[in-house]
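Just below is one structure, and these are the notes that go with it.
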Amino acid sequence: MKDFNFNISTKILFGKDQLNNLADEIKKYGQRVLLVYGRSSIKKIGLYDEILNIFKDNSITHFELEGVVPNPRIDKVREGVKIAKDNDVDFVLAVGGGSVVDSAKLVAAGFYTDSDPWDIVIKKEKVTNALPLGSILTLAATGSEMNAGSVISNEETGQKLGWGSEYVRPKFAIMNPEYTYSVDSYHTAAGTFDIMSHTMENYFTLNDGAYLEDRFAESILKTCMKYGSIAIKEPNNYEARANLIWANSWAINGLLNAGKSTAWSVHPMEHELSALRDITHGVGLAILTPYWLEYCLDNERSEKIAEFGYNVFDIEKTESTFEDAKKAIESLREFFISLGIPENLQKEGFKKEDLPIMARNCVNNRPKPEINGFKNLKEEDILNIYKMAF
Ligand code: NZQ
Ligand code: ZN
Numbered sequence: 001m002k003d004f005n006f007n008i009s010t011k012i013l014f015g016k017d018q019l020n021n022l023a024d025e026i027k028k029y030g031q032r033v034l035l036v037y038g039r040s041s042i043k044k045i046g047l048y049d050e051i052l053n054i055f056k057d058n059s060i061t062h063f064e065l066e067g068v069v070p071n072p073r074i075d076k077v078r079e080g081v082k083i084a085k086d087n088d089v090d091f092v093l094a095v096g097g098g099s100v101v102d103s104a105k106l107v108a109a110g111f112y113t114d115s116d117p118w119d120i121v122i123k124k125e126k127v128t129n130a131l132p133l134g135s136i137l138t139l140a141a142t143g144s145e146m147n148a149g150s151v152i153s154n155e156e157t158g159q160k161l162g163w164g165s166e167y168v169r170p171k172f173a174i175m176n177p178e179y180t181y182s183v184d185s186y187h188t189a190a191g192t193f194d195i196m197s198h199t200m201e202n203y204f205t206l207n208d209g210a211y212l213e214d215r216f217a218e219s220i221l222k223t224c225m226k227y228g229s230i231a232i233k234e235p236n237n238y239e240a241r242a243n244l245i246w247a248n249s250w251a252i253n254g255l256l257n258a259g260k261s262t263a264w265s266v267h268p269m270e271h272e273l274s275a276l277r278d279i280t281h282g283v284g285l286a287i288l289t290p291y292w293l294e295y296c297l298d299n300e301r302s303e304k305i306a307e308f309g310y311n312v313f314d315i316e317k318t319e320s321t322f323e324d325a326k327k328a329i330e331s332l333r334e335f336f337i338s339l340g341i342p343e344n345l346q347k348e349g350f351k352k353e354d355l356p357i358m359a360r361n362c363v364n365n366r367p368k369p370e371i372n373g374f375k376n377l378k379e380e381d382i383l384n385i386y387k388m389a390f
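Note that full-length UniProt numbering numbers the sequence shown so that position 144 is 144, with each residue one more than the last.
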């Protein structure tokens, strides 16, 4: 196990009545709030009205940035920075899924610079401060409520890129599983895949001696499989929604990569899919992951993939680790398909000519022209994986 620092400062307020604490939490930091949200979901579930009543009762002034879309755009962030600056806000409250939280993070950081917020995403501008930020999470997927990362798209440049700073790690997150009852089956499945992918990106490494982290990871994967299926059949099942939203936080808050050298592979490949064709992030991950594992499968990596099969899918151990690893990958694919995922990229609207463009962009958008993960992937490898998934 490698040396590591572990310090998650986000306060979690988990459960049914936690909205009662919203005003007190905000008032620790400010009184003039920028409320960031998506298109219609928080109004439909009544959360918007409840928040506005809380603001009114507690003399909290608020301004709004509404209409954040999935695969959130830099233009909306620019709009948010302007509203925040024009009105001298002192706190940002994100209410929604990962796209809303990610946009709010860049608004919070963009507030303190005269440069274009996109410069932060492309690392031209360093983050040296940010407005304090809190979130009310309404979808279990990205873990953005408890981490320091954000992913933003730029339609002009055709890029979808991640960036991060400790300054934007949320101060608190209110997580009421009931807010996720209204998430439809498609986004429930996609969110479940996203949580599983974060877990697997951290899990698939070689010889790092982080036994404990891998057992944590396996329990998160099992939780997703058990409760993802239940939440799709019974959207108002509190136990299922509660376990999923809590798993969402722990898959990507630093626990699973503590002591490991992880370099994510499927996420950079997926970000090119959602940059080009605006597909749902979790769906892209679910299509790519089994093919990526197949591509990685060789003598050096078969043991780890087989271990995943034994511990997550209860696959029976045989004399051939290689065959066991293949069964593990097949079980993963079957699980994804059982939740209604399209089996290939074609079914998500991709064309053959998209594949080399995405492979090229994938390496071009990285500091080094390759992915150094479970298996190192150059442009040609990435293209091969896209072709397999096509
Ligand atoms: O716009 P509204 O009306 O709010 O609808 C949203 C949206 O259509 C809807 N939704 C959210 N809560 C709901 C609800 N519908 C009904 N009931 C509710 N309670 O769900 C749709 C998807 O929302 P979005 O926020 O886009 O989903 P998600 O949380 O999956 O976020 C995806 C984005 O996060 C990025 C992804 O790349 C993608 O851009 N990621 C961010 C990460 C991070 N910050 O750490 C890591 C991830 O790997 C990921 O890359
Ligand atoms: Zn993800």
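Glycine residues also receive a C-beta, built at the ideal position from the N, C-alpha and C atoms.
A quick note: this is a predicted structure, and the numbers were derived from the prediction, not measured.
Count the other CB atoms, across all protein chains shown, that sit within 10 Å of the CB of Ile-42; report buried if there are 16 or more and exposed otherwise. With 16 or more other Cβ atoms within 10 Å, it is buried.
Between the CA atoms of Asn-248 and Val-312 - distance to the nearest angstrom: Linking Val-312 to Asn-248 through their CA atoms gives a straight-line distance of about 17 angstroms.
Would you check whether the ligand ZN has a heavy atom nearer than 8 angstroms to the C-beta of Thr-142? Yes, the beta carbon of Thr-142 sits closer than 8 angstroms to at least one heavy atom of the ligand ZN.
Should Asn-71 be counted as a contact of the ligand NZQ given a C-beta to heavy atom distance under 8 angstroms? Asn-71 Cβ: within cutoff of the ligand NZQ.
Going along the chain, which residues of its own chain have a beta-carbon closer than 7 angstroms to the beta-carbon of Gly-110, five neighbours each way excluded? Cβ within range, chain order: Val-77, Val-81, Pro-117 and Ile-120.
Please say whether Pro-177 and Leu-93 have beta carbons closer to each other than 9 angstroms? Against a cut-off of 9 angstroms, the Cβ pair of Pro-177 and Leu-93 comes out as no contact.
Own chain partners of Val-266 with C-beta closer than 8 angstroms, once the 5 adjacent residues on each side are dropped: Excluding five sequence positions before and after Val-266, the CB atoms of its chain that fall closer than 8 angstroms to its own CB belong to Ser-197, Met-200, Glu-201, Leu-285, Leu-288, Thr-289 and Trp-292, given in chain order.
I need the boundaries of the beta strand (DSSP E) containing Ile-136, first residue and last residue. Element bounds for Ile-136: 133-137.
Under the rule that 16 or more other beta-carbon atoms within 10 Å means buried, what is residue 392, buried or exposed? The structure shown has nothing for residue 392, since the chain only spans 1 to 390.
Within a Cβ cutoff of 8 angstroms, which residues of the same chain sit near Ser-274, ignoring the five residues on either side of it in sequence? Here the set comprises Asn-71, Ser-153, Lys-160, Thr-280, His-281 and Gly-284.
DSSP on Ala-263, reduced to helix/strand/coil? Look at Ala-263 here: in three-state DSSP terms it is coil, with no helix or strand label.
Starting from Gly-96 and walking both ways along the beta strand (DSSP E), at which residues does that stretch end? Judged by DSSP secondary structure, Gly-96 falls within the beta strand (DSSP E) whose first and last residues are 91-96.
Of the choices Lys-105, Ala-258 and Tyr-179, whose alpha-carbon is the least far from that of Ala-240? Checked all of Lys-105, Ala-258 and Tyr-179; the closest Cα to Ala-240 is Tyr-179.
Bounding residues of the alpha helix (DSSP H) (the contiguous stretch that carries Glu-150): Note on residue identity: the sequence assigns Ser, not Glu, to residue 150. Unbroken run through Ser-150 is the beta strand (DSSP E), 149-154; no alpha helix (DSSP H).
Excluding sequence positions up to five away, which residues of its chain have a Cβ less than 6 angstroms from the Cβ of Asp-381? Excluding residues within five positions, none has a Cβ falling inside 6 angstroms.
Status (buried if at least 16 other CB within 10 Å, exposed otherwise) for Ala-108: With 16 or more Cβ atoms within 10 Å of its Cβ, Ala-108 is classed as buried.
Please find out if some non-hydrogen atom of the ligand ZN comes closer than 8 angstroms to the beta-carbon of Ser-197. Correct: Ser-197 has its Cβ closer than 8 angstroms to the ligand ZN.
For the putative contact between Ala-148 and Val-36, defined by C-beta atoms under 8 angstroms, what is the C-beta separation to the nearest angstrom? With a Cβ gap of about 17 angstroms, Ala-148 and Val-36 do not count as contacting.
As a quick exercise: from Ile-174, Gly-15 and Thr-205, pick the residue whose alpha carbon is nearest that of Gly-134. Residue nearest to Gly-134 within the set Ile-174, Gly-15 and Thr-205 is Ile-174 (criterion: CA-CA distance).
With distance defined between alpha-carbon atoms, name the residue in His-62, Gly-96, Trp-264 and Phe-308 nearest to residue 444. Here the chain has residues from 1 to 390 only, and residue 444 is not among them.
Any idea what DSSP makes of Glu-218, helix, strand or coil? Three-state result, Glu-218: helix.
Three-state secondary structure assigned by DSSP to Tyr-238: Here DSSP, grouped into helix, strand and coil, assigns Tyr-238 to helix.
What's the gap between the Cα of Lys-2 and the Cα of Lys-378? Roughly 26 angstroms separates the two Cα atoms.
CA-CA distance, Lys-317 and Asp-194? Cα to Cα, the separation comes out at about 28 angstroms.
Rounded separation between Val-68 and Ile-315 - CA only: Taking the straight line joining both Cα atoms gives about 42 angstroms.
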